[in-house]
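Heads up: the sequence lines are chains D and V, in that order. Per our numbering, residue 248 is the first one in the first sequence, and the count goes up by one each step. Per our numbering, residue 248 is the first one in the second sequence, and the count goes up by one each step. In what follows, a single structure is set out as structure tokens and then discussed.
There are 2 protein chains.
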Amino acid sequence: MDREEIAAAVQRELTVFARRVRGVPQRLHQELPLVAYSMLSSIDAADGCRSVDLVTLYRLDKSTVSRQVGDLERRGLVAKTTDPAHGRGQVLAVTPAGRALLHEAAATRQAELTRRVATWSDEELAAFAAALQRYNAAEPD
Amino acid sequence: MDREEIAAAVQRELTVFARRVRGVPQRLHQELPLVAYSMLSSIDAADGCRSVDLVTLYRLDKSTVSRQVGDLERRGLVAKTTDPAHGRGQVLAVTPAGRALLHEAAATRQAELTRRVATWSDEELAAFAAALQRYNAAEPD
DNA sequence: CCGCTAGGTTGTAAAATGCAACTCTAGGAA
DNA sequence: TTCCTAGAGTTGCATTTTACAACCTAGCGG
Numbered sequence: 248m249d250r251e252e253i254a255a256a257v258q259r260e261l262t263v264f265a266r267r268v269r270g271v272p273q274r275l276h277q278e279l280p281l282v283a284y285s286m287l288s289s290i291d292a293a294d295g296c297r298s299v300d301l302v303t304l305y306r307l308d309k310s311t312v313s314r315q316v317g318d319l320e321r322r323g324l325v326a327k328t329t330d331p332a333h334g335r336g337q338v339l340a341v342t343p344a345g346r347a348l349l350h351e352a353a354a355t356r357q358a359e360l361t362r363r364v365a366t367w368s369d370e371e372l373a374a375f376a377a378a379l380q381r382y383n384a385a386e387p388d
Numbered sequence: 248m249d250r251e252e253i254a255a256a257v258q259r260e261l262t263v264f265a266r267r268v269r270g271v272p273q274r275l276h277q278e279l280p281l282v283a284y285s286m287l288s289s290i291d292a293a294d295g296c297r298s299v300d301l302v303t304l305y306r307l308d309k310s311t312v313s314r315q316v317g318d319l320e321r322r323g324l325v326a327k328t329t330d331p332a333h334g335r336g337q338v339l340a341v342t343p344a345g346r347a348l349l350h351e352a353a354a355t356r357q358a359e360l361t362r363r364v365a366t367w368s369d370e371e372l373a374a375f376a377a378a379l380q381r382y383n384a385a386e387p388d
């Protein structure tokens, strides 16, 4: 198998993964679909982040992020604070309720993943994580 | 980093990938968005496949596949034939026009991928492909 | 003090999807 | 043979997610 074939295989597998994931949202966790989950977990991870940061992380439109963050806020999972230190924009923070729901959902997802990779060695899993990280880090433009 | 942390990293990276991909469809290839592309390429790869096969491959609803295949047919990229050998159901085939468009789109996507993994060695890329394959092959239920 | 611009929101339209109800027909049972 | 069941596909309908565009708002630099 030459490099081109390998690349084609990567392409194929990424496509399958991407397509399958589209439906998963509500199936996995009723209250926190993939979209909301990813937002919430990013806000939690990147301390003091603003909506713009999510725009660049996920390469989404401002409006999309605005709506989703708005939804999270309306549900009491996220709080917007106007931090004068950051000048313009609002700093986002996960509320205790948000954190609770997030941990619950994370556990569910983690369990699912753990089952899928049950037969993988630690080394194999670590290599996979590193490769994904590297792939995602590459600039698309 | 213990196994749990590694798993969390995998989770995180897969999420980022999944979220980013959602928007890509029309951006990458005007005529053949990700959804149509994946259908067409699967029909091309799995010779004599039926709609049901796509349902199981991508874990989509029958209706979704029906509409998408219908769209491809209306655009003259796919032909449905009622093969008596298969009993019920219709066997799908990519038309010459479909194949042409498919190859064109594949080239575009391949180029994009190639750029992203330009710094990867053959071994690294092959390992990535294998890991993805393994991940996708795991039964989710 | 004033315009510029980054950050965010809202209106609108499109795509993708799932569920449910329906049709059609091949294949087996009686 | 006839009938009934189950597999394959289609269509109606609602929902979610998204992009684009127009808009608003308030810091920041001059």
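Where is the CB? At the ideal position from N, CA and C, for every residue including glycine.
Asked, Found
"Backbone secondary structure at V364 (chain D) - three-state DSSP", "coil"
"Rounded Cβ spacing between Q315 (chain V) and V282 (chain V) (contact assumed at less than 8 Å)", "6 Å"
"Rounded C-alpha distance that separates I253 (chain V) from Q380 (chain V)", "19 Å"
"Endpoints, the beta strand (DSSP E) within which T328 (chain D) is located", "V325 to T328"
"Per-residue DSSP class, three states only, for A340 (chain D)", "strand"
"Buried versus exposed, by CB contacts within 10 Å (16 or more), S310 (chain V)", "exposed"
"Beta-carbon gap between T328 (chain V) and A340 (chain V) smaller than 8 Å", "yes"
"Coarse secondary structure for E371 (chain V), derived from DSSP in three states", "helix"
"Chain D residues whose Cβ lies nearer than 8 Å to that of D369 (chain V)", "R250 and I253"
"Own chain, CB closer than 8 Å to A347 (chain D), minus 5 neighbours either side, in chain order", "none"
"Close-in-space but distant-in-sequence residues of the same chain around S288 (chain V) (CB under 8 Å, 5 per side omitted)", "L349 and A353"
"Contacts of E260 (chain V) in chain D (Cβ-Cβ under 7 Å)", "A376, L379, Q380 and N383"
"Best match in D:S313, D:L261, D:E371 and D:L372 for proximity to N383 (chain D) [C-alpha to C-alpha]", "D:L261"
"Beta carbon proximity, S285 (chain V) to chain D, threshold 8 Å", "yes"
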